Structures are given as structure tokens and as C-alpha cells.
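Only one structure is covered here, and it is reproduced in the block below.
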């Protein structure tokens, strides 16, 4: 099993451990630092294809921070092994929400954990932001065993490699 080496707490520790991904311009848009991106972000191939939740497009890989991508892949392997691909498709547990997204937290001027490439949104329909999660325990546990924090109270799809943020 591949586990996260460290799970930083709070923005200061997150930036110290994962680096500073970018900045905010005067219009509130996020801009990624190219050097940081080149040094810290990589492409990871999924262990099985997923459907993008908003348009059903097939996803075969994703980009994430080098320090968390392998643990994400390992968690997805566990999810696949739980019931097989047929099971995941039958119960719509093959939905992808994404990982890396250069944006700020909703309604804030702090970077989202997605801006660092350290958060994965899995099965958004079962754990939408602001609603009670219906995420199956085996999915949450696959990420938690590797050190990810699930925000099940208000964002059940979201698993992040940081706490207290």
C-alpha cells in the first residue's frame, strides 16, 4: 500500500510542504507558477477508465502533485478491486470530478487544495459540495487508509492530502 509521507495541517504547512503554486491577480483569477508546475506536477494514468461527471467523457489519466499522485492511484486500485469494473459501472461509481484545478476556494482568497494538485473529487453526484454525502464507505476508506482526509460533512466527493484546511 502506498501511503502519503506527510499530511500537512493548515495553509502555512501546506505551502511549506507542497510549494507555492501561484498567485491571485487583481481580478481574482489564479495564475500558476510555471517553475512550480514543472517541478511538482505530473501526469498519472488511471488504473481504469472513469467518466467525467459533467459530460460523461472518458478519462484515462489526471495531473496531480508528485507527492500525492501515487497514493491516489493506489486508492483507486482498491476501489476497482472491491467489486470489479462491472460493479463500479452498474452503480455509477466510475464518476470523475478531477484533481488539479488552478482556482481559489469558493468565496475566499486562499488557494484551493485542487490548485496544489493534492485533492481528488471522486463520484461528485454522491457527495456534492454543500450536501450530505452518500459516498459508499469502501471508497472513503480506500483514500483514508492512505492518509487522505475526506470532507464528508459538506463535500463527500473531496479527499485531500491536507488537514485543517
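Numbering (my numbering), first residue to last: 992 to 1156.
Every residue gets a Cβ at the ideal spot worked out from N, C-alpha and C, and that includes glycine.
Note that the structure is a prediction, hence the values are computed from the model and not measured.
To the nearest angstrom, how far is it from the Cα of residue 1136 to the Cα of residue 994?
7 Å
Contact between the segment 1005-1013 and the segment 1065-1081 (3+ Cβ pairs under 8 Å)
no
What is the rounded straight-line gap between the Cα of residue 1066 and the Cα of residue 1133?
5 Å
Leaving out five residues on either side along the sequence, give the residues of the same chain with a beta carbon under 6 Å from the beta carbon of residue 1150.
1111, 1134, 1139 and 1141
Determine the direct distance from the alpha carbon of residue 1002 to that of residue 1105, and round the result to whole angstroms.
13 Å
Evaluate contact between the segment 1015-1023 and the segment 1047-1065, counting only Cβ atoms and requiring at least three cross-stretch pairs below 8 Å.
no
Give the single residue among 1028, 1026, 1024 and 1085 whose Cα lies nearest to the Cα of residue 1044.
1085
Within its chain, find whatever has a CB closer than 6 Å to the CB of residue 1027; leave out the 5 residues flanking it on each side and keep chain order.
1010 and 1012
Can you tell me the Cα-Cα spacing of residue 1126 and residue 1030, whole angstroms?
33 Å
Beta-ladder partner(s) of residue 1002, from DSSP:
The partner list for residue 1002 (beta bridge, DSSP) is empty, contrary to what the question assumes.
Please report how far the alpha carbon of residue 999 lies from the alpha carbon of residue 1048, in whole angstroms.
33 Å
Alpha carbons only, please: which of 1131, 1107, 1144 and 1113 is nearest the one belonging to residue 1123?
1144
If you drop the 5 nearest sequence neighbours on each side, which residues of the same chain put their C-beta closer than 8 Å to that of residue 1057?
1031, 1032 and 1033
Measuring alpha carbon to alpha carbon, tell me which of 1094, 1064, 1156 and 1113 ends up nearest residue 1083.
1113
Buried or exposed: where does residue 1146 fall if 16 or more other Cβ atoms within 10 Å of its Cβ makes it buried?
buried
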